[in-house]
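Protein chains: 2
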Amino acid sequence: MNDFNFYSPTEFVFGRGRECETGRYVKKYGGSRVLIHFGGGSAVKSGLLDKVKKSLEEEGVAYFELGGVKPNPRDTLVYEGIELCRREGIDFILAVGGGSVIDSAKGIAAGVVYEGDFWDFYCGKKVVKALPVGVVVTISAAGSEGSGDSVITKEEGMLKRATGSDALRPRFSVLDPELTMTLPAYQTACGATDIMAHVFERYFTNTKEVEITDRLCEAVLMTMLRETPRVIADPKNYDARANIMWAGMVAHNNIVGVGREQDWNSHGLEHELSGLYDCAHGAGLAVIMPAWMEFVCKHDVMRFCQMATRVFGVDMDFTDPEKTAREGIRRFRTFLHSIGMPINFAELGAKEEDIPVLVEKLGVDDGRTGGFVHLSSEDAAEIYRIAVKAEL
Amino acid sequence: MNDFNFYSPTEFVFGRGRECETGRYVKKYGGSRVLIHFGGGSAVKSGLLDKVKKSLEEEGVAYFELGGVKPNPRDTLVYEGIELCRREGIDFILAVGGGSVIDSAKGIAAGVVYEGDFWDFYCGKKVVKALPVGVVVTISAAGSEGSGDSVITKEEGMLKRATGSDALRPRFSVLDPELTMTLPAYQTACGATDIMAHVFERYFTNTKEVEITDRLCEAVLMTMLRETPRVIADPKNYDARANIMWAGMVAHNNIVGVGREQDWNSHGLEHELSGLYDCAHGAGLAVIMPAWMEFVCKHDVMRFCQMATRVFGVDMDFTDPEKTAREGIRRFRTFLHSIGMPINFAELGAKEEDIPVLVEKLGVDDGRTGGFVHLSSEDAAEIYRIAVKAEL
Numbered sequence: 001m002n003d004f005n006f007y008s009p010t011e012f013v014f015g016r017g018r019e020c021e022t023g024r025y026v027k028k029y030g031g032s033r034v035l036i037h038f039g040g041g042s043a044v045k046s047g048l049l050d051k052v053k054k055s056l057e058e059e060g061v062a063y064f065e066l067g068g069v070k071p072n073p074r075d076t077l078v079y080e081g082i083e084l085c086r087r088e089g090i091d092f093i094l095a096v097g098g099g100s101v102i103d104s105a106k107g108i109a110a111g112v113v114y115e116g117d118f119w120d121f122y123c124g125k126k127v128v129k130a131l132p133v134g135v136v137v138t139i140s141a142a143g144s145e146g147s148g149d150s151v152i153t154k155e156e157g158m159l160k161r162a163t164g165s166d167a168l169r170p171r172f173s174v175l176d177p178e179l180t181m182t183l184p185a186y187q188t189a190c191g192a193t194d195i196m197a198h199v200f201e202r203y204f205t206n207t208k209e210v211e212i213t214d215r216l217c218e219a220v221l222m223t224m225l226r227e228t229p230r231v232i233a234d235p236k237n238y239d240a241r242a243n244i245m246w247a248g249m250v251a252h253n254n255i256v257g258v259g260r261e262q263d264w265n266s267h268g269l270e271h272e273l274s275g276l277y278d279c280a281h282g283a284g285l286a287v288i289m290p291a292w293m294e295f296v297c298k299h300d301v302m303r304f305c306q307m308a309t310r311v312f313g314v315d316m317d318f319t320d321p322e323k324t325a326r327e328g329i330r331r332f333r334t335f336l337h338s339i340g341m342p343i344n345f346a347e348l349g350a351k352e353e354d355i356p357v358l359v360e361k362l363g364v365d366d367g368r369t370g371g372f373v374h375l376s377s378e379d380a381a382e383i384y385r386i387a388v389k390a391e392l
Numbered sequence: 001m002n003d004f005n006f007y008s009p010t011e012f013v014f015g016r017g018r019e020c021e022t023g024r025y026v027k028k029y030g031g032s033r034v035l036i037h038f039g040g041g042s043a044v045k046s047g048l049l050d051k052v053k054k055s056l057e058e059e060g061v062a063y064f065e066l067g068g069v070k071p072n073p074r075d076t077l078v079y080e081g082i083e084l085c086r087r088e089g090i091d092f093i094l095a096v097g098g099g100s101v102i103d104s105a106k107g108i109a110a111g112v113v114y115e116g117d118f119w120d121f122y123c124g125k126k127v128v129k130a131l132p133v134g135v136v137v138t139i140s141a142a143g144s145e146g147s148g149d150s151v152i153t154k155e156e157g158m159l160k161r162a163t164g165s166d167a168l169r170p171r172f173s174v175l176d177p178e179l180t181m182t183l184p185a186y187q188t189a190c191g192a193t194d195i196m197a198h199v200f201e202r203y204f205t206n207t208k209e210v211e212i213t214d215r216l217c218e219a220v221l222m223t224m225l226r227e228t229p230r231v232i233a234d235p236k237n238y239d240a241r242a243n244i245m246w247a248g249m250v251a252h253n254n255i256v257g258v259g260r261e262q263d264w265n266s267h268g269l270e271h272e273l274s275g276l277y278d279c280a281h282g283a284g285l286a287v288i289m290p291a292w293m294e295f296v297c298k299h300d301v302m303r304f305c306q307m308a309t310r311v312f313g314v315d316m317d318f319t320d321p322e323k324t325a326r327e328g329i330r331r332f333r334t335f336l337h338s339i340g341m342p343i344n345f346a347e348l349g350a351k352e353e354d355i356p357v358l359v360e361k362l363g364v365d366d367g368r369t370g371g372f373v374h375l376s377s378e379d380a381a382e383i384y385r386i387a388v389k390a391e392l
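Just so you know, the sequences run in chain order A and B. Under the UniProt record's numbering, the residues of the first sequence are numbered 1 to 392, in order. Under the UniProt record's numbering, the residues of the second sequence are numbered 1 to 392, in order.
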């Protein structure tokens, strides 16, 4: 096991109707002039935004609003948010939405207190301070409500880049599973895929002897295998929604990832897809992750056997371990298909002829990839090609 | 799933030699005049205390010392610590030791800033503020390094009582698995038993549909089944020590316990044993926990079947589920015996004729017990009687 620090100071406020307590938590964590940051119309139409505003008013907290966050959130809106915060003397950013809104809020929070261009943080500069961020989560997916990570897309060139720092971990996050009940099945499945990917990126490691985090990873994955089909079949199933929502946090606050080298190549490969095609991140992952697994499987067949047997219930074939390993990957892809996810380029709306562009933008030779298997540009191209022709 | 708040703001500093960074973390979390609280001679003899003091000196942090914490830490030393802190204007408590030292430090931290008798907090009063506490852990067991809990024994009458509050969660905890390598096998096994018990107290619940925390519980238990025998066989196995140490934190900061009713009756029943006989808490749990399981098994046979099959690898007997359930309990007791734990009263040094005294002190009719199965005094007596005659 590797040495590590683990710090997850977010207060999680979980359960039915708890968004009505938002104002109390904003005040508890020092907010007096708040930017409410949100996406499109659903937070407005559902009445969620009104509930949140009411709870702020009850606590005498002033607020300003900035909506319009898109999936794959853009740098342009972050700049706008930074300006607004400076102009109005805002001291707290409240994200009401899913991963895109939370990530955008983190970008603003880091940018407001930084003299330079906030994009520096997405090009390798470490965030050391930021305005406090609070969250009301509306989609189980990104896990951004419990993480210090943020992914922003530079509109010019659709360049998707990430940053991460404990300074960006939210002070509190409200998680009400009921808020996710109206999500369409497709978005629900995209979120579930993202959650599983966050675990797999940590699970595949060259670090030996990390049984505790291996087992915790498997716990989250098995939970997702059970709960996702239930919620696709019955969107109003509170308990299934609740299990997925908490699994989404556990998958990404790094409790399942400490003590080990991680990979994150699938996320990198996917970011170029959603960057280029503006597709849902989870959908892109559904196409890329099993393809990546097939490409790297031979690097550590026994680790894939462990996944196959422990998570997917495959019988170990002791005469042919690789067969077991590949059966695990096959079951993962079959699962993704069963919940309505695309499994190849055509289903995603991606094009084989764009592979050189994707590989070029990925820029794997700049040292960002590694972890389980370091990928060359040619490796990345091959994974995209596997994803082109993937079938059940 | 039940509604909940989860808040675990402790910064965990995990790995080889990291106790040398203690001073830096004390300073980071606001300590300038520190009480170093510790137990007997081992922290002195091993040189650990010197390392910690050196790291404080390097940061220019003043310190005072209070050693002498015993297993089942006493109120008398807590009073002494409170006096010392007030006299010297101490602003930070640094616990260097295991669960007893950490619990004693928490008692002091709560007491210093409270006008009344700190024992109030162990009789039901809620701790709302306390001095900040930091920890250097030397034993994997209590999980007190990541929890807001503290258990103190009132010397007069050997009354063992608990308190819990987020205000008592340590600001940081240093966990260096190497520090646990010199622990005797018996203490190591006691610690492992305590860790497993912390999980089981959460696992047995009447709350339905908590798959994510069920799976996380099982992850910790399976880790302990793998790593404990390895460390008993090879005390210097760093990775096994590391997995157990992190499992011990995960088992008790409540990440595996949220969203569900918990039980804690086994801990209550055990506290009377270690209160009366001053035996190791883990050893008492090894005697009590399987006995408690046997007594409550019929309350929810399928939950015990889940434990038996998922954790202990028992083949489900579909014609006789209770047989499966009881086989799981049998394997748990066999495991405890295999790591050198006592499994009945005689092996623990407890006496059947004391059962009325134990039941009397437990005072189960005061409403403290409940959770999975509410126990009457007669139920408690029966569990003790099962523990008297337990065999493999």
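Heads up, the beta-carbon is just placed ideally off N, CA and C, and yes, glycines get one too.
Can you find a C-beta in chain A that's less than 8 Å from the C-beta of residue i?
i: V199 (chain B); result: no
i: F312 (chain B); result: no
i: A192 (chain B); result: no
i: I102 (chain B); result: no
i: W292 (chain B); result: no
i: I339 (chain B); result: no
If residue i sits next to residue j, beta carbons under 8 Å apart, how far is it from one beta carbon to the other, in whole angstroms?
i: T334 (chain B); j: L392 (chain B); result: 6 Å
i: I339 (chain B); j: P229 (chain B); result: 6 Å
i: N5 (chain A); j: F118 (chain B); result: In fact, because the Cβ distance is near 32 Å, the residues do not count as touching under 8 Å.
i: G148 (chain B); j: R169 (chain B); result: 4 Å
i: V78 (chain B); j: S100 (chain B); result: Rounded, the Cβ-Cβ distance is 11 Å, inconsistent with contact.
i: F345 (chain A); j: I329 (chain A); result: In fact, because the Cβ distance is near 18 Å, the residues do not count as touching under 8 Å.
i: E201 (chain A); j: H267 (chain A); result: 6 Å
i: I343 (chain B); j: V287 (chain B); result: 6 Å
Relative to the C-alpha of residue i, which candidate in the options has its C-alpha closest?
i: A167 (chain B); options: B:I82, B:K106, B:A142, B:Q187; result: B:K106
i: E347 (chain A); options: A:K208, A:F38, A:A390; result: A:A390
i: G40 (chain A); options: A:L48, A:V34, A:R33; result: A:L48
i: G134 (chain B); options: B:G98, B:K125, B:E201, B:D120; result: B:G98
i: R310 (chain B); options: B:L216, B:T76, B:R161; result: B:L216
i: D44 (chain A); options: A:A142, A:V61, A:E65; result: Reading the sequence as shown, one finds Val at residue 44 (chain A) and not Asp. Comparing Cα-Cα distances from V44 (chain A) to each of A:A142, A:V61, A:E65, the minimum goes to A:E65.
i: G124 (chain B); options: B:V231, B:S150, B:F14, B:A142; result: B:S150
Can you confirm whether residue i, when its beta carbon is compared against all beta carbons of chain B, has any partner nearer than 8 Å?
i: F318 (chain A); result: no
i: R18 (chain A); result: yes
i: A233 (chain A); result: no
i: L216 (chain A); result: yes
i: S140 (chain A); result: no
i: residue 393 (chain A); result: The first residue shown for chain A is 1 and the last is 392, placing residue 393 (chain A) beyond what the model contains.
i: A387 (chain A); result: no
i: G30 (chain A); result: no
i: P9 (chain A); result: yes
i: F12 (chain A); result: yes
i: A167 (chain A); result: no
i: M181 (chain A); result: no
i: I212 (chain A); result: yes
i: W246 (chain A); result: yes
i: I195 (chain A); result: no
i: D315 (chain A); result: no
Just how far apart, CA to CA, sit residue i and residue j?
i: T350 (chain A); j: L131 (chain A); result: According to the sequence shown, residue 350 (chain A) is Ala rather than Thr. Going by the C-alpha atoms only, they are around 38 Å apart.
i: R24 (chain B); j: F38 (chain B); result: 19 Å
i: P177 (chain B); j: R241 (chain B); result: 6 Å
i: V137 (chain B); j: L362 (chain A); result: 43 Å
i: E21 (chain A); j: L175 (chain A); result: 11 Å
i: E211 (chain B); j: F204 (chain A); result: 24 Å
i: T180 (chain A); j: T188 (chain A); result: 8 Å
i: K27 (chain B); j: Y63 (chain B); result: 12 Å
i: I82 (chain A); j: E209 (chain B); result: 42 Å
With a threshold of 8 Å between beta carbons, is residue i in contact with chain C?
i: V250 (chain B); result: The structure shown has no chain C; the protein chains it does contain are A and B.
- Item | Cβ contact check for the stretch 217-232 of chain B and the stretch 187-197 of chain B: 3 or more pairs under 8 Å | yes
- Item | Validate contact between the stretch 150-160 of chain A and the stretch 292-299 of chain A using beta carbons, cut 8 Å, 3 pairs | no
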